[in-house]
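Residue numbers (the numbering used here), protein chains in the order written: chain A, 444 to 541; chain B, 444 to 541; chain C, 444 to 541; chain D, 444 to 541; chain E, 444 to 541. Ideal placement from N, C-alpha and C gives every residue a C-beta, glycine not left out.
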Amino acid sequence: MFLAEVIGTVVAPISVPELKGRTHLMVRPVTPEGKPTGKTKVAIDSIGAGVGDRVLVVDEGGSARQILGDPDAGIRTVILGFVDSVSIHGRTVFDHSS
Amino acid sequence: MFLAEVIGTVVAPISVPELKGRTHLMVRPVTPEGKPTGKTKVAIDSIGAGVGDRVLVVDEGGSARQILGDPDAGIRTVILGFVDSVSIHGRTVFDHSS
Amino acid sequence: MFLAEVIGTVVAPISVPELKGRTHLMVRPVTPEGKPTGKTKVAIDSIGAGVGDRVLVVDEGGSARQILGDPDAGIRTVILGFVDSVSIHGRTVFDHSS
Amino acid sequence: MFLAEVIGTVVAPISVPELKGRTHLMVRPVTPEGKPTGKTKVAIDSIGAGVGDRVLVVDEGGSARQILGDPDAGIRTVILGFVDSVSIHGRTVFDHSS
Amino acid sequence: MFLAEVIGTVVAPISVPELKGRTHLMVRPVTPEGKPTGKTKVAIDSIGAGVGDRVLVVDEGGSARQILGDPDAGIRTVILGFVDSVSIHGRTVFDHSS
Numbered sequence: 444m445f446l447a448e449v450i451g452t453v454v455a456p457i458s459v460p461e462l463k464g465r466t467h468l469m470v471r472p473v474t475p476e477g478k479p480t481g482k483t484k485v486a487i488d489s490i491g492a493g494v495g496d497r498v499l500v501v502d503e504g505g506s507a508r509q510i511l512g513d514p515d516a517g518i519r520t521v522i523l524g525f526v527d528s529v530s531i532h533g534r535t536v537f538d539h540s541s
Numbered sequence: 444m445f446l447a448e449v450i451g452t453v454v455a456p457i458s459v460p461e462l463k464g465r466t467h468l469m470v471r472p473v474t475p476e477g478k479p480t481g482k483t484k485v486a487i488d489s490i491g492a493g494v495g496d497r498v499l500v501v502d503e504g505g506s507a508r509q510i511l512g513d514p515d516a517g518i519r520t521v522i523l524g525f526v527d528s529v530s531i532h533g534r535t536v537f538d539h540s541s
Numbered sequence: 444m445f446l447a448e449v450i451g452t453v454v455a456p457i458s459v460p461e462l463k464g465r466t467h468l469m470v471r472p473v474t475p476e477g478k479p480t481g482k483t484k485v486a487i488d489s490i491g492a493g494v495g496d497r498v499l500v501v502d503e504g505g506s507a508r509q510i511l512g513d514p515d516a517g518i519r520t521v522i523l524g525f526v527d528s529v530s531i532h533g534r535t536v537f538d539h540s541s
Numbered sequence: 444m445f446l447a448e449v450i451g452t453v454v455a456p457i458s459v460p461e462l463k464g465r466t467h468l469m470v471r472p473v474t475p476e477g478k479p480t481g482k483t484k485v486a487i488d489s490i491g492a493g494v495g496d497r498v499l500v501v502d503e504g505g506s507a508r509q510i511l512g513d514p515d516a517g518i519r520t521v522i523l524g525f526v527d528s529v530s531i532h533g534r535t536v537f538d539h540s541s
Numbered sequence: 444m445f446l447a448e449v450i451g452t453v454v455a456p457i458s459v460p461e462l463k464g465r466t467h468l469m470v471r472p473v474t475p476e477g478k479p480t481g482k483t484k485v486a487i488d489s490i491g492a493g494v495g496d497r498v499l500v501v502d503e504g505g506s507a508r509q510i511l512g513d514p515d516a517g518i519r520t521v522i523l524g525f526v527d528s529v530s531i532h533g534r535t536v537f538d539h540s541s
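Structure below.
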C-alpha cells in the first residue's frame, strides 16, 4: 500500500459489472512529505475522494478473472481511505486538518 | 491500472482454451497527457480496441493456473475499456472526441 | 519479502472491516546492513511494531476483493515479524540485542 | 504479458509435483522489434519452445501455495505460446516465417 | 521465477503457523552468469539451501490472508530448488558440479 494524491479523473466506461458506476481517479504516489514519487495510476474510488485529497491506495495483484467474466477475479488499484496525518520519527509531516 | 495506447498487434496462437480467439494487442503505457512511460506489454483485448486507441489496462498478478490447465487461474494483462477523457486538476488533458 | 525499518505512522481511518483497528505504519525497505533501499510503503502492523524497529515485511499481490466487499480478498503490505539478526556470509550485519 | 526470446536452459530439479518433468527456460524480455529489455527470468515451458524462439510469457503473481504443498497455488512465470508475428502501427516488425 | 544466490540468514521469529520452523534466507538475484542483479530479498527455504548455493526462487504475489489468519493466503518469496546448471545459447555458464 502507498500514499498518494488524487490528481485527476478518468472517464472510461467499463462494461465489467463490478466496475459500473465506480469513479476512476488518477492518483500520484507521494512520499510521506508529499513529494511525487513514481508513475501515476488509475485507481477505483471507494470512499468519495476528490482532486487534491491525500489517500491510501492498494495496488493489488489479483487476477483479471472478473474482467473476463469469472466471479472470483479482482481489481488492481483501489483507494482505501483518506489520510488524516503522517508522522515520521515522531514528527508530523502531513496533517489534513492544518 | 494504467492508461495506455494501443500500438500494434501480436499473432501468437495460444492453446489455452480461455485465450483462444482473443486478440493480443501491444499496448504502451502513457502519462495522462499521452506521453509514453514504461515498457510495452502484450494485453488481451476484451473491448474490440484497435491501433491508436487510448485504453485503460489492468496488469494483474493472478496465478498462471489457467494456463497450465487449472480452471481457477488468471490472465495478467487485460484491456478493460476505452478512455473517453482524462482531466488533471480540472484541466482536460485528453479528450477522445476532440 | 524484504527487510524494512519502521519509520513512522499513518492515521487513515479505513472502513474495511478487516482493517478496522489495525495500525498503519510507514516502512522503509533496507539492505541487510540497514541502508535505505527503495520507496517507503504503508504496511499493516500485525505484531505491535514501533518506530525504529527492524522488521520483516511481505508485500503481496493479493486481490482487492476484501476492500470492495468480497470476503476472499487480501491486503497488500503486512509486517510479519521482528528481525532479531541478519547474517551475510557468516558475518552478523544486524543484531537487535546489540 | 510480454514478448521474450528463449536464450537458454536451466537444470534445477524441483520436488514440487506440478513442476516435475517440466523444462525451465531462460527468457529475455524483448521489445516488439526484438531488442533486449529488462532482466532475464526463468520460465516454465508449456509449448516445447527452444533457444532462439520468440515467445509470449506471462509473469503472474499467484501465490506460492503449490510450492509449499497447497493444491491451490500457482507458478509465476510461464511460456504461453510462440509468436508468429508482431505489427506496430501497421508495420510488421517481427515475422517468424521470414 | 529468477536465479539467485543464497547470501545469508535472517532470524525473525514469525507467529504465523505456516511459517513456524521454516528458515528465512537472504537471497540475491543473479544473472545466468552469476552476477548480482537487483535487490536482495528474504526467502522461505523449502529445500535445505545454505549460503553460497545457487537456487531458483519464486517471488509470487499471493495475498497475505494467511498472515492475518485466513487459511487461503500465500507467502511471497520461496526457494524452489537448487540449480544444477545454466546454459545460454548452448554454452554452459553455470555448473554446480564444477
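task = Could you list which residues in chain C have their beta carbon closer than 8 Å to that of E/Ile522, in chain order?
result = For the purposes of this step, residue 522 of chain E is taken as residue 79 along the fifth sequence, with counting starting at 1. Per Cβ cutoff of 8 Å: no residues; E/Ile522 is ~12 Å from chain C at best.
message = Using 8 Å as the threshold, is the C-beta distance between C/Val470 and C/Ile522 below it?
response = Position 27 of the third sequence, counted from the start, is the residue given in the question as residue 470 of chain C. Position 79 of the third sequence, counted from the start, is the residue given in the question as residue 522 of chain C. A contact, by the Cβ cut-off of 8 Å.
query = Listed in chain order, which residues of the stretch 475 to 493 of chain D have Cβ atoms closer than 9 Å to some Cβ of chain B?
reply = Pro475, Thr480, Gly481, Ile487, Ser489, Ile490
request  = Provide the residue(s) that pair with B/Ile522 in DSSP beta bridges, ordered along the chain.
outcome  = As a first step, residue 522 of chain B is located in the second sequence; it is residue number 79 there, counting from the start. Answer is B/Val500, bridged to B/Ile522.
Pick from B/His467, B/Thr474, B/Thr466, B/Thr452 that is closest to A/Gly451, judged by C-alpha positions = Here residue 451 of chain A refers to the residue found at position 8 of the first sequence. Selected option, being the one with the closest Cα: B/Thr474.
query = Using a C-beta cutoff of 8 Å, does A/Ala447 count as contacting chain B?
reply = For this step, residue 447 of chain A is matched to residue 4 along the first sequence. False, the Cβ-Cβ gap to chain B never drops below 8 Å.
ask   = Which residue comes first and which comes last in the beta strand (DSSP E) that contains C/Asp538?
value = Translated into the one-based positions of the third sequence, residue 538 of chain C becomes position 95. Run containing C/Asp538: 534 to 538, per the beta strand (DSSP E) assignment.
ask   = From A/Gln509 to E/Gly533, what does the alpha carbon distance come to, in whole angstroms?
value = Position 66 of the first sequence holds residue 509 of chain A. Position 90 of the fifth sequence holds residue 533 of chain E. In this prediction, A/Gln509 has a pLDDT of 32, which is less than 50 and means its spatial position is unreliable; nothing more can be read from the coordinates.
ask   = For the putative contact between A/Phe525 and A/Asp502, defined by C-beta atoms under 8 Å, what is the C-beta separation to the nearest angstrom?
value = As a first step, residue 525 of chain A must be located in the first sequence, where it is residue number 82. As a first step, residue 502 of chain A must be located in the first sequence, where it is residue number 59. Not really, about 17 Å apart at Cβ, beyond 8 Å.
inquiry  = According to DSSP, simplified to helix, strand and coil, what is C/Thr452?
reply    = Residue mapping note: residue 452 of chain C aligns to position 9 of the third sequence, counting from 1. DSSP places C/Thr452 in strand when its eight states are reduced to three.
ask   = What is the C-beta distance between E/Ala492 and C/Leu499, in whole angstroms, given that I count them as a contact (C-beta under 8 Å)?
value = Here residue 492 of chain E refers to the residue found at position 49 of the fifth sequence. Here residue 499 of chain C refers to the residue found at position 56 of the third sequence. Contact flag wrong, Cβ pair sits at about 18 Å.
ask   = Where do the N-terminal and C-terminal ends of the beta strand (DSSP E) with B/Pro472 fall, by residue?
value = Counted from its first residue, the second sequence places residue 472 of chain B at position 29. Its beta strand (DSSP E) spans residues 467 to 472.
query = If you drop the 5 nearest sequence neighbours on each side, which residues of the same chain put their C-beta closer than 7 Å to that of A/Gly481?
reply = As a first step, residue 481 of chain A is located in the first sequence; it is residue number 38 there, counting from the start. Within the same chain, A/Gly481 has close Cβ partners Pro472.
task = Taking B/Lys478 as part of the beta strand (DSSP E), name the residues at either end of that continuous run.
result = Numbered from 1 along the second sequence, position 35 holds the residue referred to as residue 478 of chain B. Note, B/Lys478: premise wrong, no beta strand (DSSP E); not H, not E.
Start-to-end residues for the beta strand (DSSP E) that takes in B/Ala486 = Stepping through the second sequence from its first residue, residue 486 of chain B is reached at position 43. Note, B/Ala486: beta strand (DSSP E), 484 to 487.
Proximity below 8 Å, CB of A/Val399 to CB of A/Val453 = Outside the displayed span of chain A (444 to 541) sits residue 399 of chain A, for which this structure offers no information.
inquiry  = Distance check for D/Glu476 and E/Val536, CA to CA, integer angstroms please.
reply    = In the fifth sequence, residue 536 of chain E corresponds to position 93, counting from 1. In the fourth sequence, residue 476 of chain D corresponds to position 33, counting from 1. Going from the Cα of E/Val536 to the Cα of D/Glu476 covers about 27 Å.
Cβ shell of D/Thr483 (< 6 Å), same chain only, five flanking positions each side left out = Here residue 483 of chain D is taken as the residue at index 40 of the fourth sequence, counted from 1. Result list for D/Thr483: Met469, Arg471, in chain order.
task = At 8 Å on the CB atoms, spell out the chain C contacts of A/Ser540, in chain order.
result = As a position in the first sequence, residue 540 of chain A is number 97, starting the count at 1. Simply none; closest approach about 11 Å.
message = Among B/Ser540, B/Val494, B/Pro479, whose alpha-carbon lies nearest the alpha-carbon of B/Phe445?
response = Position 2 of the second sequence, counted from the first residue, corresponds to residue 445 of chain B. Out of B/Ser540, B/Val494, B/Pro479, B/Pro479 has the C-alpha closest to the C-alpha of B/Phe445.
query = For the putative contact between A/Ile487 and A/Thr520, defined by C-beta atoms under 8 Å, what is the C-beta separation to the nearest angstrom?
reply = Walking along the first sequence from the start, residue 487 of chain A turns up at place 44. Walking along the first sequence from the start, residue 520 of chain A turns up at place 77. That pair is a contact at about 7 Å.
inquiry  = Considering just the uninterrupted stretch of the beta strand (DSSP E) at D/Ser528, what are its terminal residues?
reply    = As a position in the fourth sequence, residue 528 of chain D is number 85, starting the count at 1. Where D/Ser528 is concerned, the enclosing beta strand (DSSP E) stretches over 528 to 531.
ask   = Can you find a C-beta in chain D that's less than 8 Å from the C-beta of B/Gly451?
value = Within the second sequence, numbered from 1, the residue matching residue 451 of chain B stands at position 8. It does: the Cβ of B/Gly451 has a partner Cβ on chain D nearer than 8 Å.
message = Taking its Cβ as the centre, do 16 or more other Cβ atoms sit within 10 Å of D/His467, making it buried, or is it exposed?
response = Walking along the fourth sequence from the start, residue 467 of chain D turns up at place 24. It is buried - the Cβ of D/His467 has at least 16 other Cβ atoms within 10 Å.
request  = Report all residues from its chain with a CB closer than 6 Å to the CB of D/Val529; omit the five preceding and five following residues, and keep chain order.
outcome  = Residue 529 of chain D sits at position 86 when you count from the first residue of the fourth sequence. Pro475, Val536, Phe537.
task = Have a look at D/Ile457, D/His539, D/Asp527, D/Arg465 and flag the residue whose alpha-carbon is nearest the alpha-carbon of B/Ile457.
result = Counted from its first residue, the second sequence places residue 457 of chain B at position 14. Of the listed residues, the one whose Cα sits closest to B/Ile457 is D/Asp527.
ask   = Where does C/Ala447 fall in DSSP's three states?
value = Stepping through the third sequence from its first residue, residue 447 of chain C is reached at position 4. Note: C/Ala447 maps to strand in three-state DSSP.
message = Tell me the rounded alpha-carbon separation between B/Arg465 and D/Ala447.
response = For this step, residue 465 of chain B is matched to residue 22 along the second sequence. For this step, residue 447 of chain D is matched to residue 4 along the fourth sequence. Each residue's alpha carbon lies about 20 Å from the other.
ask   = Do you know how far the Cα of B/Val494 is from the Cα of B/His539?
value = Stepping through the second sequence from its first residue, residue 539 of chain B is reached at position 96. Stepping through the second sequence from its first residue, residue 494 of chain B is reached at position 51. Taking the straight line joining both Cα atoms gives about 14 Å.
inquiry  = I want to see whether chain B comes within less than 8 Å of D/Val529, judged by CB atoms only; does it?
reply    = As a first step, residue 529 of chain D must be located in the fourth sequence, where it is residue number 86. Answer yes: the Cβ-Cβ gap between D/Val529 and chain B drops below 8 Å somewhere.
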